[in-house]
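**Student:** The structure is given below, and queries will be raised subsequently.
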Amino acid sequence: MARSCIVTGELDQRLGNPEWSDNWTVGSGLRMEVIDQLSQVWLCQEPVTVEQAHGLALPDGASLFGPGQAVADLAYFRRSPGATDDGRLDTMEIDGLRFSYVGRSVAVERVDDVTVMSIDKHHTMLYAAGRAIEVLDFGDETVATPAWIGSEPIGHVDLPNGWAVRTVELDADLLAVIPNPATVVMINGFGFHGLLPIAQLEEVST
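Under numbering that gives the first Met the number 0, the letters of the sequence shown match residues 0 to 205, in that order.
What follows is the structure, given as structure tokens:
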């Protein structure tokens with residue numbers, strides 16, 4: 000039997016239903032995703048090790064993303080793609096680990112040194128006051144917040160004109176409700192999810 004995903008501490012009801020444990024990602028730690036042959040994204044909500052990820056017996060036609068370090072203090076998926084109402088996520092088991100169906104890739108584009116994806120998902124992330132986070136500023140009054148960080152610094156990359164990665168200090172909680180479809184930008188193992196109005200970020204940061 001697969002282990003239930005690890006959910007500890009208090010779950011903030013601003014994000015969603017605390018009883019739907021498979022919908023929650025709690026705290027930092029390494030996470031991994033499996034992308035199946037239908038471009039469906041399955042997230043292991045509990046922390047994993049590098050050895051677990053690399054030793055995973057993937058289903059036919061599936062690929063592994065990660066492991067990567069989660070950034071948000073809490074994250075929540077309101078429903079699986081295709082569901083008509085908010086509810087418990089669809090799940091599957093691989094090697095005794097439980098994976099939740101959290102997203103579906105709609106489009107992928109390579110722009111300069113970054114990969115830009117459109118993802119069908121219903122996702123909210125919470126970053127606690129007092130933290131410093133890196134955000135991707137698109138230069139058009141929109142930003143994307145971090146979901147994953149790589150094992151090495153992001154380094155020098157060629158970004159599209161007007162884009163910039165910058166650090167902000169949070170004076171209050173940032174509750175990032177990601178629009179659907181989400182714009183997901185991958186840069187050297189770092190993942191930024193948006194788009195959010197920059198005004199929302201400015202309300203809680205310096």
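Positions of the beta carbon are idealized from the N, C-alpha and C atoms, including for glycine.
Pair every Cβ in the region 110-124 with every Cβ in the region 183-195, then say whether three or more of these pairs are closer than 8 angstroms.
**Tutor:** Because the criterion of three Cβ pairs below 8 angstroms is met, the region 110-124 and the region 183-195 touch.
**Student:** Between the C-alpha atoms of D170 and P58, what's the straight-line distance to the nearest angstrom?
**Tutor:** Against the sequence shown, residue 170 aligns to sequence position 171. Against the sequence shown, residue 58 aligns to sequence position 59. If you take the alpha carbons of D170 and P58, they lie about 44 angstroms apart.
**Student:** Pick helix, strand or coil for I153, following the three-state DSSP scheme.
**Tutor:** Walking along the sequence shown from the start, residue 153 turns up at place 154. Residue state, collapsed to three classes: coil.
**Student:** Who are the near neighbours of H121 in its chain, counting only those whose CB is closer than 7 angstroms to its CB and skipping five residues on each side?
**Tutor:** Taking the sequence shown and counting its residues from 1, the one referred to as residue 121 is at position 122. The answer, listed in chain order, is F76, R77, R78 and N179.
**Student:** When the Cα atoms are used, what is the spatial distance from S38 to F191?
**Tutor:** Residue mapping note: residue 38 aligns to position 39 of the sequence shown, counting from 1. Residue mapping note: residue 191 aligns to position 192 of the sequence shown, counting from 1. About 19 angstroms.
**Student:** Starting from the N-terminal side, write out each stretch of the alpha helix (DSSP H) that is 4 residues or longer and does not extend beyond the region 18-78.
**Tutor:** List check, alpha helix (DSSP H) in window: 49-53.
**Student:** Quick one: using the 10 Å Cβ neighbour count with 16 as the cut-off for buried, is D217 buried or exposed?
**Tutor:** In the structure displayed, the chain extends from 0 to 205; residue 217 sits before or after that span and is not available.
**Student:** Could you check where the beta strand (DSSP E) with E202 kicks off and where it finishes?
**Tutor:** Against the sequence shown, residue 202 aligns to sequence position 203. First-last for E202: I197 to V203, but that is the alpha helix (DSSP H), not the beta strand (DSSP E).
**Student:** Mind listing, in chain order, the continuous beta strand (DSSP E) runs of no fewer than 3 residues lying wholly within the region 104-167?
**Tutor:** Listed in chain order, they are 113-119, 122-126, 131-136 and 141-148.
**Student:** Verify whether the separation of the beta carbon atoms of G102 and V40 is less than 9 angstroms.
**Tutor:** Here residue 102 refers to the residue found at position 103 of the sequence shown. Here residue 40 refers to the residue found at position 41 of the sequence shown. Yes; because the gap between Cβ atoms is below 9 angstroms, this pair is in contact.
**Student:** Classify R97 as helix, strand or coil using the three-state DSSP reduction.
**Tutor:** The count along the sequence shown starts at 1 and reaches residue 97 at position 98. Reduced to three states, the DSSP call for R97 is strand.
**Student:** Reducing DSSP to helix, strand and coil, say where A181 ends up.
**Tutor:** Your numbering for residue 181 matches position 182 in the sequence shown. Correct three-state label for A181: strand.
**Student:** Under the three-state reduction of DSSP, which class applies to L174: helix, strand or coil?
**Tutor:** What you label residue 174 is simply residue 175 of the sequence shown in a count that begins at 1. L174: strand per DSSP, three-state reduction.
**Student:** Taking W147 and A69 to be in contact with their CB atoms under 8 angstroms, please state how far apart those CB atoms are, rounded to whole angstroms.
**Tutor:** Locating residue 147 in the sequence shown gives position 148, counting from the first residue. Locating residue 69 in the sequence shown gives position 70, counting from the first residue. That pair is a contact at about 7 angstroms.
**Student:** Put T83 into one of helix, strand or coil per three-state DSSP.
**Tutor:** Along the sequence shown, one-based indexing puts residue 83 at 84. Here T83 sits in coil by DSSP.
**Student:** Checking the sheet assignment: what are the DSSP bridge partners for L169?
**Tutor:** In the sequence shown, the residue the question calls residue 169 occupies position 170. Per DSSP, S204.
**Student:** Is it the case that the Cβ atoms of D112 and N160 are separated by a distance below 9 angstroms?
**Tutor:** Taking the sequence shown and counting its residues from 1, the one referred to as residue 112 is at position 113. Taking the sequence shown and counting its residues from 1, the one referred to as residue 160 is at position 161. Contact: no.
**Student:** Here's a check: name, in chain order, each residue in its chain whose Cβ is nearer than 7 angstroms to the Cβ of T141, leaving out the five neighbours to either side.
**Tutor:** If you number the sequence shown from 1, residue 141 lands on position 142. G193, L194, L195, P196 and I197.
**Student:** Please report how far the alpha carbon of V25 lies from the alpha carbon of P145, in whole angstroms.
**Tutor:** Residue 25 sits at position 26 when you count from the first residue of the sequence shown. Residue 145 sits at position 146 when you count from the first residue of the sequence shown. Roughly 15 angstroms separates the two Cα atoms.
**Student:** For G95, count the other beta carbons within 10 Å of its own beta carbon; 16 or more makes it buried, fewer makes it exposed. Which is it?
**Tutor:** Reading the sequence shown from its first residue, position 96 is the one you call residue 95. Classification for G95: exposed.
**Student:** If you draw a straight line from the C-alpha of R30 to the C-alpha of P46, how long is it?
**Tutor:** Here residue 30 is taken as the residue at index 31 of the sequence shown, counted from 1. Here residue 46 is taken as the residue at index 47 of the sequence shown, counted from 1. If I take the Cα positions, the gap works out to 5 angstroms.
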